[in-house]
Every structure is written in C-alpha cells, then in structure tokens.
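A.B. asks: Residue numbers (numbering that gives the first Met the number 0), protein chains in the order written: chain A, 0 to 247; chain B, 0 to 308. No residue lacks a Cβ here, since even glycine has one placed at the ideal position from N, Cα and C. The structure displayed is predicted, hence computed values, not measured ones.
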Amino acid sequence: MKILVPVKRVIDYNVKPRVKSDGSGVDLANVKMSMNPFDEISVEEAIRLKEAGKAEEIVAVSVGPQKAQETLRTALAMGADRAILVQTDDEVEPLGVAKILAKIVEEEAPKLVITGKQAIDDDSNQTGQMLAALLGWGQGTFANTVSVDGDSVEVKREIDGGLQTVKLNLPAVVTTDLRLNEPRYASLPNIMKAKKKPLDEKTPADYGVDISPRLTTTNVSEPPVRQAGEKVEDVDALVAKLKAVGAI
Amino acid sequence: MKTLVLVEHDNSEMKDATLAVVTAASQLGEVHALVAGSGCASVGEQAAKVAGVSTVHVADDASLANQLAENVAPLVASLMESHDAFLAPATTTGKNIAPRVAALLDVMQISDILSVESEDTFTRPIYAGNAIATVKSSDAKKVITVRGTAFDKAAAEGGSASIEGVTGAGESGLSSFVSEEIAKSERPELTSAKIIVSGGRALGSSEKFEEVITPLADKLGAGIGASRAAVDAGYVPNDYQVGQTGKIVAPEVYIAIGISGAIQHLAGMKDSKTIVAINKDEDAPIFQIADIGLVADLFNAVPELTEKV
Ligand SMILES: Cc1cc2nc3c(=O)[nH]c(=O)nc-3n(C[C@H](O)[C@H](O)[C@H](O)COP(=O)(O)OP(=O)(O)OC[C@H]3O[C@@H](n4cnc5c(N)ncnc54)[C@H](O)[C@@H]3O)c2cc1C
Ligand SMILES: Nc1ncnc2c1ncn2[C@@H]1O[C@H](COP(=O)(O)O)[C@@H](O)[C@H]1O
C-alpha cells in the first residue's frame, strides 16, 4: 500500500516565538524553521511500516512556501520515496489544507494518510480529522501505537483518561502523538540521496479547491507576562511562604 | 444565536469540562446541549440541571456508546441545521469530534478559544501560548473548541432544561471500538485539581516518582502531573502530561519538581495562580515564572516538604 504523509514547515520547537510590535503576527524573519515535530513522527511511522513490509511507497506532501522544499527533502532523507510541494505564499488554514490533501488522495489513492496531531505554530489540531471527514474515512487520532493488519488498522489512542484502541477499515487517516515512536535522524548519505528523489511542484490552483481563508486574524498580542517571584532559602521558608499565600 | 454544546461524559456521569463550555456558549446565545451516548439517560438529566441550558438533546444509541467521531459527527452536523454554533471542550473527545463536524459543515474551526469577543470574534492561543490571536470568523455556522481553564464553570445545579430525544445516523461502518485502558484513581482529575504536584525527568524512574511525588500529592490532596520527558521515559502514564500538547491546567497551586520549564511545558501551566518550582539548577527557566522558587536537590527537599506541610 501507499502512505501519504503531510508535513508542515514550522518554527523550530526550540525557538521562543516573538510577537511583532504592530500586532500583525509572530516574527518569523531569520528564525530557524523545521519540520513540525509531530510530522517527523508520522514520517518515521510510515518508514517503519515500509520496513515491516506493510507499505510499498511513502509520499510526503507539504502545502507552503518554496522553502517547504527543505522540509520535504528532510522527509525524503529520512526515507520517504517522493514528495509533492503545493507551493503558496498565502497562509492556508487547516480546512484548506485538508481540501488540497483530499484532492491529492484522489490522485494518489493511498491506503493510509498519517498526519501529525497538531502543528506547533497554529496549534489547531484539525487537519487530519477534517481530511478524514472530507474523504468519508475513519480516523485514528493521537496515535500511540499503530498496527496495520490486512484491510484494517488498529490504533491505540492517547486520550484524557488513558488509552483507547479503535479499529479502522482502510483507507483511513491516523494522526500521531508523541509516544508513537522516536524519529530517526537522516544520515549524511541519505541526505545526499534525497536530493535526487522526485519532488513535484504544484500550486493550489492545480487542485481547483477554494482555500480562501474563513478566519481573519485581527490582532496578535503577547500574553500577560508572569514575573518571577522570589527564591526561598530552604524548605522551612518554602512552607512559610506557601502558608502565607494560603496555598496550604 | 442558538448554540449546541457537546456534553462530555462516560454514559453515566457528565464531566466537569462541559461546564466551562456552557459558560462560553451562553456568551453567544441560547444554550442547547447534546448528550451522545448509550444508556446515557442519567447524563441527560444531569445536563438538564446545568444553569443556563434550555434544551438537552439526548441521542441514546448503541452506535454512540464509545462516542466514535465517525458516528457522532454526522449526528452533530444534522443538528446544526437548526443551531448556529457548535461548542465542544478542548479535551481529547472534543478535539477528535469537532474538526470532523467542521469539515462536514464546510466550516473552519476555531480551536481552544480563550474568550468570546463577539458573535464572530474570539481569542485563542497560538505558538504554545506565546501569542494570543484575535480571530474573526466569516463562516455562517461556528465550530469551536473551548479551553476549560479560560472560562468559569457554569453552576451544575439550578437549571431545568427540557429533554428531547434525537436519533443518530447509526454505525458509520468505518471504525469500531476495541478496548480502553482507563486508570481509576481517587485523586482529583488534573484539569479540576486545586493543587497539582508535577514531576519531571529528574525523578529518574517510576519507582522514584512514586516514592517522592506521590506522598506529597497525597498529603496535599493534589492531582499529579508530569512533563513530557517524565511521560516519555515511562515514569507515569501519558495522560499525566501537562503542556502545549498535553493537558492545560490552571490550579491554585502548581508545584513543578525537577522540571526545567521548556516553553511547551509552560504553555500548559503558566496560568496557575501560584507556581512553585524546586530545581537544583538556579538558572532553570522555570524560575523565571515561579512565584516561589527553591534551589535544592529534590530528593532531599521534597521528602522534607512532605513532612512539614
Ligand atoms: C512537539 C513537542 C511537544 C511537546 N509537548 C510538551 C508538553 O506538552 N509538555 C511538556 O512538559 N513538554 C513537552 N515537550 C518537551 C519539552 O520541550 C521538554 O523537552 C520537556 O518539557 C522537558 O521535561 P523536563 O523539564 O522534565 O526535563 P529536563 O528539561 O531534562 O529538565 C530536568 C530538570 O530537572 C533538574 N534536576 C535534575 N536533577 C535534579 C535534582 N536531583 N533535584 C532537583 N532538580 C533536578 C534539572 O536542573 C532540569 O532543570 C514537547 C516537545 C515537542 C518537540
Ligand atoms: N500546510 C501544511 N502542509 C502539510 N501538512 C499540513 C499542513 N498544515 C497541517 N498539516 C498536517 O496536519 C497536521 C495538523 O495540523 P493542524 O491541524 O494545523 O494542527 C500537521 O501535523 C500536518 O501533518
């Protein structure tokens, strides 16, 4: 089977985002960008399924600026077989991304789409579920364990009270959580090889879907800053402080 | 505006997470609630008592027993023909179902709202809460998930809503429930605990976590949380994780023990009223937001603290 893995280029998780002073957004100029960490987990899972003989081909897709090529090259260096960049400088909302992905699914006919549970920039946690709805497929969100068996996939999901296992008919959408696996690093030879792997370039217009935004961001501000309080000398002082603030 | 609130429940009890959503919904207009489950009549009665709710729709069907998104979303989508906004808690249940509803309605969801500014404008955190965006929706129907810590809880008693039965779409045939591992605990739930004791990588093992963190939590009647590192290392189950991609908490007191204070962790707890940090590194970032800091080895300090509180 074929696996489609959508990957998003986002601010690196180690960078502390700064809000622009004019309230128009977060300053991304000269900021380190990387693959969304959950998408690394998705790529890794797809590769493991391929290594286990359960998948034949892995196609990575990104909707984003020209630079998202780098993100796709990272996916290729990890082990994806080919990539599709849907190039746009506009910000595409999860609904729009899901619509583009649905079109790509029509063309590529994968049996499984593995998305991250959440992009760490917009923190939406929507795209995978929306894609599943648009396709009329089952969804296994927040996956902790994925086992493909013939025409179905069992997904153990991380939920608020613990873990839940569901079984989905294939084709299906899975979204990854942190404990699913530990993504590999691309080796230098694989980074070199990835440069030769196919990377198709498309635009949203090629898919004929309406991706105009439904939400307008009217302002982006900094959250209230918390001031550091004081350090206490020892446990007795800590207990006294806790009592003073009525905490205990 | 007529709103529809997804009631969070386990077929016998309504969860607290529902109450904050009712508050958010009441800022938009008339509040209807949906209980989708199986053998869930008592939940319908509980929801009908929540102050501010005028009608409770109860969909009681075997196909809804485990609230699979594939079965719940079409039901919600059909009810949305007569409602203007759908609001769900930003819990794993709400996050699973709401986007599926949104796509069925061709609506862009507004995730994890912090406030209702007007009928179409909301604030929400982005970039791990390092920025707050004000967003205006042009969709005719709204689909929203609500951050529980950002809204007061509606009173669980005092309302007298009417209860109406509705029928779902039945089994989608796309997915089925296999099993569940839900830990039963006497401890307060993380998202409603008044005090949380949270442990990080520094604990070193599940035995040490249990030995050091649990007695303090017991003494304080506290919930127990953890950093991602502690969860990944298997010291505690996944649902203990506090942070950007775990649970968002805002207790009266949050005690971070052996946690460095990465932005992803802070995103989940920085709205706590009083933050206490115990860390042996005086430069740990957690101290930049802690009200009370103690630079000490946790293996000495925490047992002593447990004894003295
Ligand atoms: C996509 C993504 C999502 C994430 N989501 C989350 C999330 O939701 N929640 C979350 O918590 N993290 C999350 N993280 C991880 C986050 O970036 C940090 O790696 C994590 O929070 C670190 O956990 P920690 O503070 O326990 O460990 P560390 O950073 O290793 O800190 C351990 C601390 O313990 C102190 N220490 C060591 N020994 C002792 C001792 N004997 N006594 C006292 N102090 C001691 C050290 O000084 C240090 O400060 C996420 C990361 C990514 C990439
Ligand atoms: N622009 C994009 N290009 C490719 N994949 C995306 C894009 N946006 C979101 N995704 C996928 O959807 C997941 C969830 O994103 P979100 O719904 O924005 O939180 C991500 O982890 C990606 O797998």
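Using a beta-carbon distance below 9 Å, is alanine 76 of chain A in contact with chain B?
C.D. replies: No, its Cβ sits nowhere closer than 9 Å to a Cβ of chain B.
A.B. asks: If you count every other CB in all the chains shown that lies within 10 Å of the CB of aspartate 290 of chain B, and 16 or more means buried, which is it?
C.D. replies: Aspartate 290 of chain B should be labelled buried.
A.B. asks: Since arginine 99 of chain B meets chain A, which of its residues come closer than 8 Å, beta carbon to beta carbon?
C.D. replies: Those are Gln128, Met129, Ala131, Ala132, Gln138, listed as they occur along chain A.
A.B. asks: Would glutamate 306 of chain B pass as a contact of valine 294 of chain B if the rule is Cβ separation under 9 Å?
C.D. replies: The answer is no: Cβ separation not under 9 Å.
A.B. asks: Is it buried or exposed for glutamate 39 of chain A, if we count other Cβ within 10 angstroms and need 16 for buried?
C.D. replies: Buried, since its Cβ has 16 or more Cβ neighbours within 10 Å.
A.B. asks: Beta-carbon separation of leucine 179 of chain A and valine 230 of chain B under 9 Å?
C.D. replies: Going by C-beta atoms, leucine 179 of chain A is not nearer than 9 Å to valine 230 of chain B.
A.B. asks: What is the DSSP secondary structure of glutamine 128 of chain A, reduced to helix, strand or coil?
C.D. replies: Correct three-state label for glutamine 128 of chain A: helix.
A.B. asks: Based on the DSSP output, what are the partners of lysine 166 of chain A in its beta bridges?
C.D. replies: A/Glu153, B/Ser175.
A.B. asks: List the whole-angstrom C-beta distance separating alanine 97 of chain A from threonine 140 of chain A, where the pair is believed to meet the contact cut-off of C-beta under 8 Å.
C.D. replies: At roughly 14 Å, the Cβ-Cβ gap does not stay under 8 Å, so alanine 97 of chain A and threonine 140 of chain A are not in contact.
A.B. asks: When burial is assigned at 16 or more other CB atoms within 10 Å of the CB, is glutamate 43 of chain A buried or exposed?
C.D. replies: Glutamate 43 of chain A comes out buried.
A.B. asks: Report yes or no: do the region 66-77 of chain A and the region 110-117 of chain A share at least 3 C-beta pairs separated by less than 8 Å?
C.D. replies: At 8 Å Cβ cutoff, the stretches do not touch.
A.B. asks: May I ask you to report which of helix, strand or coil DSSP gives glycine 38 of chain B?
C.D. replies: Residue state, collapsed to three classes: coil.
A.B. asks: Going along chain A, which residues have a C-beta under 7 Å from alanine 229 of chain B?
C.D. replies: By Cβ distance, chain A contributes nothing, its closest Cβ being about 12 Å from alanine 229 of chain B, past 7 Å.
A.B. asks: Give the single residue among A/Gly160, A/Thr175, A/Pro197 whose Cα lies nearest to the Cα of valine 4 of chain A.
C.D. replies: Out of A/Gly160, A/Thr175, A/Pro197, A/Thr175 has the C-alpha closest to the C-alpha of valine 4 of chain A.
A.B. asks: How would you write the range of the alpha helix (DSSP H) that glycine 93 of chain B sits in, first residue to last?
C.D. replies: Glycine 93 of chain B -> alpha helix (DSSP H) spans 91-104.
A.B. asks: What are the boundary residues of the beta strand (DSSP E) that includes phenylalanine 141 of chain A?
C.D. replies: Here the beta strand (DSSP E) through phenylalanine 141 of chain A covers 137-148.
A.B. asks: For a cutoff of 9 Å on Cβ pairs, would you count alanine 249 of chain B as touching chain A?
C.D. replies: It does not: the Cβ of alanine 249 of chain B has no partner Cβ on chain A nearer than 9 Å.
A.B. asks: What do you reckon, is the C-beta of glutamine 117 of chain A under 8 Å from a heavy atom of ligand 2?
C.D. replies: Yes; taking the cut-off as 8 Å, the Cβ of glutamine 117 of chain A has a heavy atom of ligand 2 nearer than that.
A.B. asks: Buried or exposed for tyrosine 184 of chain A, please, with buried defined as at least 16 other CB atoms from any protein chain shown within 10 angstroms of its CB.
C.D. replies: The residue in question, tyrosine 184 of chain A, is exposed, as its Cβ has fewer than 16 Cβ neighbours within 10 Å.
A.B. asks: I want to verify the contact list: residues of chain B whose CB lies under 7 Å from the CB of serine 123 of chain A, in sequence order.
C.D. replies: The contacting residues are Ser110.
A.B. asks: Please name the residue or residues paired with glycine 224 of chain B in a DSSP beta bridge.
C.D. replies: BP columns for glycine 224 of chain B point to B/Ser197.
A.B. asks: In the DSSP assignment, find the alpha helix (DSSP H) that holds methionine 191 of chain A and state where it starts and stops.
C.D. replies: Methionine 191 of chain A -> alpha helix (DSSP H) spans 187-193.
A.B. asks: Relative to the C-alpha of threonine 217 of chain A, which candidate in B/Phe121, B/Asp105, B/Ala139, B/Thr144 has its C-alpha closest?
C.D. replies: Among B/Phe121, B/Asp105, B/Ala139, B/Thr144, the Cα nearest to that of threonine 217 of chain A belongs to B/Phe121.
A.B. asks: DSSP state of tyrosine 206 of chain A, grouped into three classes?
C.D. replies: Helix, per DSSP.
A.B. asks: How many whole angstroms separate the CB atoms of leucine 187 of chain A and alanine 82 of chain A, which I take to be in contact at a CB cut-off of 8 Å?
C.D. replies: At roughly 19 Å, the Cβ-Cβ gap does not stay under 8 Å, so leucine 187 of chain A and alanine 82 of chain A are not in contact.
A.B. asks: Look at valine 234 of chain A and glutamate 303 of chain B and say whether their C-beta atoms are less than 9 Å apart.
C.D. replies: In contact: valine 234 of chain A and glutamate 303 of chain B (Cβ atoms closer than 9 Å).
A.B. asks: Could you pull out every unbroken beta strand (DSSP E) segment of at least 3 residues lying fully inside the region 41-113 of chain A, listed in chain order?
C.D. replies: If we require 3 residues or more, the beta strand (DSSP E) runs fully inside the region 41-113 of chain A come out as 56-63, 81-86.
A.B. asks: If we count Cβ pairs, one from each stretch, closer than 8 Å, do we get three or more for the region 195-211 of chain B versus the region 162-177 of chain B?
C.D. replies: The region 195-211 of chain B vs the region 162-177 of chain B: no contact.
A.B. asks: Skipping 5 residues on each side, what residues in its chain have a beta carbon closer than 7 Å to that of glycine 51 of chain B?
C.D. replies: Correct list, in chain order: Val21, Ser25, Val30, Ala153, Gly158.
A.B. asks: When you check each C-beta in the region 135-162 of chain B against every C-beta of chain A, which residues fall closer than 7 Å?
C.D. replies: So the list reads Lys135, Ser136, Ser137, Asp138, given in the order they occur along the chain.
A.B. asks: Compare the C-beta of valine 165 of chain A with all C-beta atoms of chain B and state if any pair is closer than 9 Å.
C.D. replies: Chain B, which has a Cβ nearer than 9 Å to the Cβ of valine 165 of chain A, makes this yes.
A.B. asks: Using the DSSP secondary-structure output, state which residues sit across from lysine 135 of chain B in a beta bridge.
C.D. replies: Bridge partners of lysine 135 of chain B: A/Thr215, B/Thr120.
A.B. asks: Check whether chain A comes within 9 Å of serine 191 of chain B, counting only Cβ atoms and requiring the distance to be less than that.
C.D. replies: No, serine 191 of chain B does not count as interfacial toward chain A.
A.B. asks: Give the straight-line distance between the Cα atoms of leucine 86 of chain B and leucine 113 of chain B, rounded to the nearest whole angstrom.
C.D. replies: One C-alpha to the other measures close to 13 Å.
A.B. asks: Closer than 8 Å, Cβ to Cβ, to anything on chain B: give me those residues from the region 144-174 of chain A, in chain order.
C.D. replies: Taking 8 Å as the Cβ-Cβ cut-off against chain B, the residues of the region 144-174 of chain A that qualify are Glu153, Arg156, Glu157, Ile158, Asp159, Gly160, Gly161, Leu162, Gln163, Thr164, Val165, Lys166, Leu167, Asn168, Ala171.
A.B. asks: Are the C-beta of phenylalanine 286 of chain B and some C-beta of chain A separated by less than 9 Å?
C.D. replies: Interface residue, yes.
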